[in-house]
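Enquirer:
Numbering (our numbering), first residue to last: -11 to 255.
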């Protein structure tokens, strides 16, 4: 029987209008009644996830920053920070990137440089990092780096960011999170690795876990569980490795998938 369900946020649980799908509260009530834990697993900041699920802050398990920080009932289950010197090298290498928002994602806050604090960039930052601050230089930050995030407003993140820093993949985790975002993390962490840690700490077997995702940063997550669902709108490479497929995010695919698992007696 499934005991925990992990779900990506953008392009998966949330609709294109950035809203929770119809039937979400009813599904969460039913999962709680059946003692099944729900776990948002996102590249978003932990504090952003809390804001999205304020009424569930003591019910859900939260995987923030692509699994680099896992929290439950306000307590840290574990974290996997980025090496400070490695972060400095990546920031130095990207210093000349034009029209690319660079975000230092710490445990306490997300930070952007003052010279990039435009209304457009700050509006994008607020979507995913509700705890944020502005600094004159990244070197003045005294916060544990969980991740570096890079945003391309033209939706060509692969060409404009990922390909240009791909050489860091030898020592770091460089992930194309969407057409807009690239994340750089500790080489030993991703959503799948975080789930394996959760399985170990909370004594869940893979076949007691389900997950829903849509993009390449969900690849390892779907492989770490017994019931991995790709959304209808998912990247083709993710669909190829997913055990199951469900409807799109705009068709409440996560809720549909949960109802199917209940109907098949797996929850």
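Glycine included, C-beta positions come from ideal geometry on N, C-alpha and C.
In angstroms with no decimal places, state the Cα-to-Cα distance between residue 194 and residue -6.
Expert: Sequence index remark: in the chain shown, residue 194 carries index 206 (1-based). Sequence index remark: in the chain shown, residue -6 carries index 6 (1-based). Answer to the nearest angstrom: the Cα atoms are 12 Å apart.
Enquirer: Which parts of the stretch -9 to 35 are runs of the beta strand (DSSP E), unbroken and 3 residues or longer, counting only runs that do not cross its ends?
Expert: Within the stretch -9 to 35, the complete beta strand (DSSP E) runs of at least 3 residues are -8 to -5, 25 to 28.
Enquirer: Buried or exposed: where does residue 62 fall if 16 or more other Cβ atoms within 10 Å of its Cβ makes it buried?
Expert: Position 74 of the chain shown, counted from the first residue, corresponds to residue 62. Looking at its Cβ environment, which holds fewer than 16 other Cβ atoms inside 10 Å, residue 62 is exposed.
Enquirer: Count the other C-beta atoms from every protein chain shown that fall within 10 angstroms of the C-beta of residue 15, then say buried if there are 16 or more, exposed otherwise.
Expert: Residue mapping note: residue 15 aligns to position 27 of the chain shown, counting from 1. Counting Cβ neighbours within 10 Å, residue 15 comes out buried, since at least 16 surround it.
Enquirer: Could you check what DSSP says for residue 72 in three-state terms: helix, strand or coil?
Expert: One-based indexing of the chain shown puts residue 72 at position 84. Looking at residue 72 - three-state DSSP - the assignment turns out to be helix.
Enquirer: State the beta-bridge partners of residue 198 as determined by DSSP.
Expert: By 1-based counting over the chain shown, the position of residue 198 is 210. -7, 215.
Enquirer: What residue range is occupied by the uninterrupted beta strand (DSSP E) comprising residue 171?
Expert: If you number the chain shown from 1, residue 171 lands on position 183. Element bounds for residue 171: 169 to 173.
Enquirer: Could you say if the stretch 149 to 156 and the stretch 120 to 131 meet the contact criterion of at least three C-beta pairs nearer than 8 Å?
Expert: The stretch 149 to 156 vs the stretch 120 to 131: no contact.
Enquirer: So for residue 98, helix, strand or coil by DSSP?
Expert: To locate residue 98, count along the chain shown from 1; it is residue 110. Strand.
Enquirer: Quick one: residues in its chain with C-beta nearer than 8 Å to the C-beta of residue 243, no 5 flanking neighbours on either side, listed in chain order?
Expert: One-based indexing of the chain shown puts residue 243 at position 255. These residues qualify, in order along the chain: 9, 10, 11, 12, 15.
Enquirer: Tell me which same chain residues have a C-beta within less than 7 Å of the C-beta of residue 75, skipping the five on either side of it?
Expert: The residue given as residue 75 occupies position 87 in the chain shown. Excluding sequence neighbours, residue 75 sits near 133, 136.
Enquirer: Tell me which residue opens and which closes the alpha helix (DSSP H) that residue 183 is part of.
Expert: Here residue 183 refers to the residue found at position 195 of the chain shown. Taken as a continuous stretch (DSSP letters only), the alpha helix (DSSP H) holding residue 183 covers 179 to 190.
Enquirer: Quick one: what's residue 51 bridged to in DSSP?
Expert: As a working note, residue 51 is residue 63 in the chain shown. Beta-bridge pairing links residue 51 to 29, 58.
Enquirer: Taking the CB atoms as reference points, tell me whether residue 168 and residue 140 lie closer together than 7 Å.
Expert: Position 180 of the chain shown holds residue 168. Position 152 of the chain shown holds residue 140. It is a contact, given that the beta carbons lie within the stated cut-off.
Enquirer: Is the stretch 19 to 30 touching the stretch 46 to 65, taking contact as three or more C-beta pairs under 8 Å?
Expert: Touching, yes.
Enquirer: Residue 111 to residue 145, Cα distance in whole Å?
Expert: Numbered from 1 along the chain shown, position 123 holds the residue referred to as residue 111. Numbered from 1 along the chain shown, position 157 holds the residue referred to as residue 145. Residue 111 and residue 145: Cα-Cα distance of roughly 18 Å.
Enquirer: Go ahead and pull the three-state DSSP assignment for residue 210.
Expert: As a position in the chain shown, residue 210 is number 222, starting the count at 1. Correct three-state label for residue 210: helix.
Enquirer: Excluding five sequence neighbours on each side, which residues of the same chain lie with their C-beta closer than 8 Å to the C-beta of residue 253?
Expert: Mapped onto the chain shown, residue 253 falls at position 265. None.
Enquirer: Please work out which residues of its chain come closer than 7 Å, Cβ to Cβ, to residue 156, disregarding the five sequence neighbours upstream and downstream, and give them in chain order.
Expert: Mapped onto the chain shown, residue 156 falls at position 168. Cβ neighbours of residue 156 beyond the five flanking positions: 78, 162, 172.
Enquirer: Excluding the five sequence neighbours on either side, which residues of its own chain have a C-beta within less than 7 Å of the C-beta of residue 227, listed in chain order?
Expert: As a position in the chain shown, residue 227 is number 239, starting the count at 1. Contacts found: 218, 233.
Enquirer: In three-state terms, what does DSSP make of residue 237?
Expert: Position 249 of the chain shown holds residue 237. It is helical.
Enquirer: With a 10 Å radius around its C-beta and 16 neighbouring C-beta atoms as the bar for buried, classify residue 80 as buried or exposed.
Expert: In the chain shown, counting from the first residue as 1, residue 80 sits at position 92. With fewer than 16 Cβ atoms within 10 Å of its Cβ, residue 80 is classed as exposed.
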